[in-house]
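Undergrad: Top line first, the protein sequences correspond to chains A and B. In my numbering, each residue's number is its place in the first sequence (first place is 1) plus 2. In my numbering, each residue's number is its place in the second sequence (first place is 1) plus 2.
There are 2 protein chains.
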Amino acid sequence: MRKNFWIAIPILGILLIVSAMMIAAQDTAEPRPQVVQGVFATLPDVVPEPEDNPSTPEKILLGQMLYFEPRLSSSGIISCHTCHNLSLGGTDRLPTSLGHNFQTGGRNAPTVLNAAFFDLQFWDARATGLEEQAEGPIQASVEMNQPADIAVERIASIQGYLPYFEAAFPGEENPLTFENIVRAIAAFERTLITPNDGLDRYLRGETDALSEDARRGMEIVVQVGCVACHNGAMLSTGNLMRFNHGDDVGRATVTGEDSDEYLFRVATWRNISLTAPYFHDGSAETLDEAIRTMASVQLNRELTDDEVYYILAFLNSLVGEMPEVTIPALPAD
Amino acid sequence: MRKNFWIAIPILGILLIVSAMMIAAQDTAEPRPQVVQGVFATLPDVVPEPEDNPSTPEKILLGQMLYFEPRLSSSGIISCHTCHNLSLGGTDRLPTSLGHNFQTGGRNAPTVLNAAFFDLQFWDARATGLEEQAEGPIQASVEMNQPADIAVERIASIQGYLPYFEAAFPGEENPLTFENIVRAIAAFERTLITPNDGLDRYLRGETDALSEDARRGMEIVVQVGCVACHNGAMLSTGNLMRFNHGDDVGRATVTGEDSDEYLFRVATWRNISLTAPYFHDGSAETLDEAIRTMASVQLNRELTDDEVYYILAFLNSLVGEMPEVTIPALPAD
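1) So within the segment 79-111 of chain B, which uninterrupted alpha helix (DSSP H) runs reach at least 4 residues, ignoring any that extend past its ends?
2) Can you name the start and end residues of the alpha helix (DSSP H) that A/F120 belongs to?
3) What does the Cβ neighbour count give for A/R206, buried or exposed, with the cut at 16 atoms within 10 Å?
4) Any C-beta of chain A within less than 9 Å: which residues of the segment 287-317 of chain B qualify?
5) State the CB to CB distance for the pair A/V327 and A/L88, rounded to an integer number of angstroms; the pair is presumed to be in contact (CB under 8 Å).
6) Who are the near neighbours of A/Y312 in its chain, counting only those whose CB is closer than 6 Å to its CB and skipping five residues on each side?
7) So the candidates are B/A188, B/Q123, B/A297, B/G65; which of them puts its Cα closest to the Cα of B/R267?
8) What residues from chain A crowd round B/L90, counting only those whose CB sits closer than 7 Å?
9) Taking the alpha-carbon of B/A331 as reference, which of A/D94, A/A129, A/E259 has the nearest alpha-carbon?
10) Please check if any C-beta of chain A sits within less than 9 Å of the C-beta of B/T98.
11) Taking 9 Å as the threshold (beta carbon to beta carbon), is B/A278 in contact with chain A?
12) Nearest to B/E191 by CA position, among B/T58, B/S75, B/N318, B/G173, is which residue?
13) Does DSSP put A/F281 in a helix, in a strand, or in coil?
14) Am I right that A/T1 and A/A235 are in contact with their C-beta atoms under 8 Å? What's the rounded C-beta distance?
15) Which residues in the same chain as B/N273 place their Cβ atom closer than 7 Å to its Cβ, once the five residues preceding and following it in sequence are excluded?
16) State the CB to CB distance for the pair B/R68 and B/I187, rounded to an integer number of angstroms; the pair is presumed to be in contact (CB under 8 Å).
17) Considering only residues of the same chain and omitting the five flanking positions on each side of A/A230, which have a CB-CB separation below 8 Å?
18) Can you list, in chain order, the residues of its chain whose CB lies under 8 Å from that of A/R294, leaving out five sequence neighbours each side?
19) What distance in whole Å lies between the Cβ atoms of A/Y280 and A/A297, which are believed to be in contact at a cut-off of 8 Å?
20) Between B/N176, B/T98, B/A153, B/A117, which lies nearest to B/S81 when the distance is taken from Cα to Cα?
21) Would you check whether the ligand COA has a heavy atom nearer than 8 Å to the C-beta of B/A118?
22) Which of the three DSSP states, helix, strand or coil, is assigned to A/G200?
23) Nearest-angstrom Cα distance between A/Q336 and B/N103?
24) Quick check: is the beta carbon of A/E326 nearer than 9 Å to any beta carbon in chain B?
25) Which residues of chain A have a Cβ atom closer than 7 Å to the Cβ of B/D335, listed in chain order?
26) Which runs of the beta strand (DSSP E) fall wholly inside the segment 224-250 of chain A and span at least 3 residues, in chain order?
27) Return the CA-CA distance between B/T179 and B/I157, expressed in angstroms with no decimal places.
28) Looking at the unbroken beta strand (DSSP E) that takes in B/F266, where does it start and where does it end?
29) Let's test the definition: count the other Cβ atoms within 10 Å of the Cβ of A/G107 and tell me whether it reaches 16, buried, or not, exposed.
30) Quick check on B/F171: does DSSP put it in helix, strand or coil?
31) Using the three-state DSSP reduction, which class does B/G337 fall into: helix, strand or coil?
32) At a CB-CB cut-off below 9 Å, which residues of chain B make contact with A/G78?
33) Quick one, which residues of the segment 105-129 of chain B are near chain A if we go by CB-CB under 8 Å, in chain order?
34) Quick one: measure Cβ to Cβ for B/V226 and B/L301, integer angstroms, because I've assumed they're closer than 8 Å.
35) Just reading off the alpha helix (DSSP H) that B/L289 is part of, what are its end residues?
36) At least one CB of chain B closer than 9 Å to the CB of A/I25: is that the case?
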């Protein structure tokens with residue numbers, strides 16, 4: 003008995019250590035799905051649309067045409083697709099966009115991909131909904147530089163367009179309006195959705211849809227607190243948060259209120275590895291740099307190289323299935 | 003007998019007149035196909051390609067990516083597709099193109115559609131073949147403004163490209179070269195073909211593929227002599243012809259030879275109704291105007307409104323089936 007007792011103690015000790023190691027290994031290598039349930043969510047199957055602009059195939063087709071229509075710009079060479087390029091993750095991959103007369107815009111073009119899931123549009127939330135968003139760049143002098151009435155006149159001068167407007171907005175006496183132009187564009191944009199990225203599949207139970215490194219990264223962004231802002235289906239609250247970085251005062255440029263200074267809409271993490279450079283001013287050239295800067299400025303934390311490595315693995319797994327879009331034929335003048 | 007004779011004369015006369023009317027009606031309303039056999043030809047089924055650049059699916063895919071690649075330009079927003087826009091009949095529908103820094107180019111962008119069937123490229127024939135053509139706009143300071151070595155460096159800096167070059171140019175030690183960039187683009191452009199327009203189908207025996215008006219127009223362009231230059235499968239010889247119109251001296255800008263003054267490559271009529279404005283300087287806003295000017299300057303003939311109407315009907319029938327092109331996903335930086 004006594005002898006057995008003395009043997010049992012080290013055996014028990016070893017068992018305890020091994021168990022602890024196994025638990026530790028499990029914690030780091032395979033975070034249980036419940037860690038992220040309630041933090042992240044899969045991309046919804048249904049895209050929200052406003053009551054006064056229900057999508058129809060005809061409206062989506064017209065919207066696709068107008069999205070690629072350079073004659074919506076005064077120069078005739080800039081379309082929505084110039085800055086929200088579907089070859090480039092729905093952006094232009096420039097720090098800030100080049101528009102009319104090669105003027106430089108003030109901010110980095112946010113991706114059009116999944117933008118349908120945001121209510122607030124633009125970095126400073128100056129528009130609500132895709133329809134209102136689309137009104138901006140067409141008319142902005144540094145972007146497409148075409149006043150609304152001239153845009154309508156230009157499109158109406160292309161005779162082939164009228165049947166498409168009539169089909170998209172049946173029963174309207176005069177369907178060719180600026181309001182309907184942006185409605186059609188918004189309807190098309192609601193098809194630019196990228197489901198089934200690694201996280202979506204992981205959340206649906208496909209455990210190996212995320213690599214071990216990516217799962218470790220997912221744990222870290224939860225632990226260090228990135229998910230305070232980057233959560234939900236868009237990995238973004240979609241709301242304004244303070245980011246005091248550079249000269250741009252964000253929301254305050256719209257409202258003039260001191261309390262709105264440096265408020266910017268939280269960027270989505272979906273397809274983030276496709277949309278460098280980063281931040282409202284495009285000042286972070288790489289995702290690595292963006293991760294470190296955000297942790298430092300927002301969370302007052304210097305990440306280790308290992309932590310950055312794992313977070314990168316997680317963010318790189320957030321590329322979904324790209325929509326397949328065919329170049330539309332546009333009517334002749 | 004005598005009585006019958008006097009009756010027979012007017013009957014014979016009437017028969018003769020009716021026959022003449024029937025022949026006349028047939029001549030104007032239904033020109034026999036042999037009128038145009040030997041003048042025009044259907045678009046060939048096989049696209050010619052140079053021996054040292056055979057097309058493969060891998061090369062075409064890479065070429066499609068590079069055709070839409072704005073990072074081939076120094077600004078990062080201009081691609082081949084900017085000026086040779088497949089939504090707009092393979093052109094930009096501008097008098098002369100807008101390029102880097104919104105500089106205006108000197109000439110109207112010729113369509114990329116069916117350009118594979120031309121040996122001589124550019125209005126002044128300064129390149130032979132699509133490969134040599136593609137070298138120009140990438141480097142031209144008023145177009146994409148990217149020197150060849152910088153273009154290669156830029157594309158090579160995007161790591162995702164290398165596997166595509168390796169697949170397109172198997173066995174090459176260093177496949178990522180400027181020569182291969184333009185080879186791939188040319189291979190893609192050889193897929194931008196628009197078969198089965200009205201004339202193609204008419205020539206294959208589908209008599210009603212051309213309207214009565216279009217057939218009348220076809221007769222007129224043969225009769226007045228347009229077909230001296232606008233003939234064959236491209237409805238263009240593809241060679242240089244003198245067109246003394248405006249200040250641009252055409253081929254002489256390349257050679258400096260007086261004898262080359264005002265020589266320009268004959269424009270194709272295929273899809274011509276999609277590619278306004280017209281001429282090397284884009285000075286003719288409409289096809290109507292272009293038809294009248296060409297007849298006047300080249301054939302010293304003022305066309306009647308009726309003649310222009312019928313020629314327009316013929317030219318409008320020359321729109322073929324557009325290639326269906328999907329927006330390619332381009333690798334991230």
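Heads up, the beta-carbon is just placed ideally off N, CA and C, and yes, glycines get one too.
TA: Let me lay it out:
1) You should have 82-85.
2) For A/F120, no alpha helix (DSSP H) segment is defined, and its DSSP state is neither H nor E.
3) Of the other Cβ atoms in all chains shown, fewer than 16 fall within 10 Å of the Cβ of A/R206; this residue is therefore exposed.
4) Answer set for the segment 287-317 of chain B: E287, T288.
5) 6 Å between Cβ atoms; contact.
6) If we look at A/Y312 and ignore the five residues flanking it on each side, its Cβ neighbours are D215, R218, G219, I222.
7) Distance from the Cα of B/R267 is smallest, within the candidate group B/A188, B/Q123, B/A297, B/G65, for B/Q123.
8) Under a criterion of Cβ atoms nearer than 7 Å, the residues of chain A adjacent to B/L90 are, in order, L332.
9) It is A/D94.
10) False, the Cβ-Cβ gap to chain A never drops below 9 Å.
11) Judged by the 9 Å Cβ criterion, B/A278 is in contact with chain A.
12) Residue B/T58 is the option with its Cα nearest to B/E191.
13) In the three-state reduction of the DSSP assignment, A/F281 falls in the coil class, being assigned neither a helical nor a strand state.
14) What the structure shows of chain A is the stretch from 3 to 335, and residue 1 of chain A is not part of that stretch, so it cannot be assessed.
15) Excluding residues within five positions, the ones whose Cβ falls inside 7 Å are G91, T113, L115, T196, L320, V321, G322.
16) A small correction: the amino acid at residue 68 of chain B is Leu; Arg does not occupy that position in the sequence shown. Yes, they are in contact, since the Cβ atoms of B/L68 and B/I187 sit about 5 Å apart, within 8 Å.
17) No residues qualify anywhere along the chain.
18) So the qualifying residues of the chain are E304, L305, V310.
19) About 13 Å separates the Cβ atoms of A/A297 and A/Y280, ruling out a contact at the 8 Å cut-off.
20) The shortest CA-to-CA distance from B/S81 to any of B/N176, B/T98, B/A153, B/A117 is the one to B/A153.
21) Judged by which ligands are present, the structure shown has none, so any question about the ligand COA falls away.
22) In the structure shown, the three-state DSSP call for A/G200 is helix.
23) Examination of residue 336 of chain A is not possible in this model, given that chain A is present from 3 through 335 alone.
24) Judged by the 9 Å Cβ criterion, A/E326 is in contact with chain B.
25) The contacting residues are R95, A278.
26) Qualifying beta strand (DSSP E) stretches, in chain order: 242-244.
27) Rounded to whole angstroms, B/T179 to B/I157 spans 9 Å at the Cα level.
28) Here the beta strand (DSSP E) through B/F266 covers 265-267.
29) Classification of A/G107: buried, given that the 10 Å Cβ count is 16 or more.
30) When secondary structure is reduced to three states using DSSP, B/F171 falls in the coil class, being assigned neither helix nor strand.
31) Since the displayed chain B opens at 3 and closes at 335, residue 337 of chain B lies outside it and no answer follows.
32) Close to A/G78, with beta-carbon spacing below 9 Å, are these residues of chain B in chain order: D94, R95, L96, L100.
33) Here the close residues number zero.
34) Correct: roughly 6 Å between the Cβ atoms.
35) 289-301 is the extent of the alpha helix (DSSP H) around B/L289.
36) Reliability fails at A/I25, whose pLDDT of 45 lies under 50, so the model's placement of it is uncertain and no value is given.
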